[in-house]
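**Student:** One structure, as structure tokens, below. Some questions next.
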Amino acid sequence: MISIEQVKAARLFLHMDQRQLAELSGVSLPTIQRIENPQFGPTRSSVRIVTAVKEALEKAGIEFLPTTSEAGEGVRLKMQQ
């Protein structure tokens, strides 16, 4: 599961606002706002919705990084081929 911080960071890497992410992922703007809200976050959203957001960001060039023993979770831009 991706975190609130990862969603926000990914969106900012892409210079994308919440409305653009909603359009790209096919998820409503209020749902994107809830996903990025610490009181709700992705864990309170359905797996289908979080997957749609994650896949949209990945198609736009984001790679999600898991937590490791050396570092916390994160995001980065994929290398262009």
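In terms of the UniProt record's numbering, the sequence shown has 27 at position 27, counting the first letter as 1, and numbering is strictly consecutive.
Heads up, the beta-carbon is just placed ideally off N, CA and C, and yes, glycines get one too.
1. Please go through the UniProt domain "HTH cro/C1-type" (7-37) and give each complete alpha helix (DSSP H) segment of 4 or more residues, from N-terminal end onward.
2. For residue 48, report the span of its alpha helix (DSSP H) as first-last.
3. Leaving out the 5 sequence neighbours to the left and right, which residues in its chain are closer than 8 Å to residue 18 when beta-carbon positions are compared?
4. Let me know the secondary structure DSSP gives residue 62 once reduced to three states.
5. Could you give the distance in angstroms between the alpha-carbon of residue 72 and the alpha-carbon of residue 45?
6. By Cβ distance below 7 Å, which residues in the same chain neighbour residue 27 in space, the five residues on each side in sequence not counted?
7. Taking all protein chains shown into account, decide if residue 77 is buried (16 or more other Cβ within 10 angstroms of its Cβ) or exposed.
8. Under 7 Å between the Cβ atoms of residue 60 and residue 14?
**Tutor:** Concretely, from the data shown:
1. 18-25, 29-35
2. 47-59
3. 11, 29, 32, 33, 36
4. strand
5. 22 Å
6. 49, 52, 53
7. exposed
8. yes
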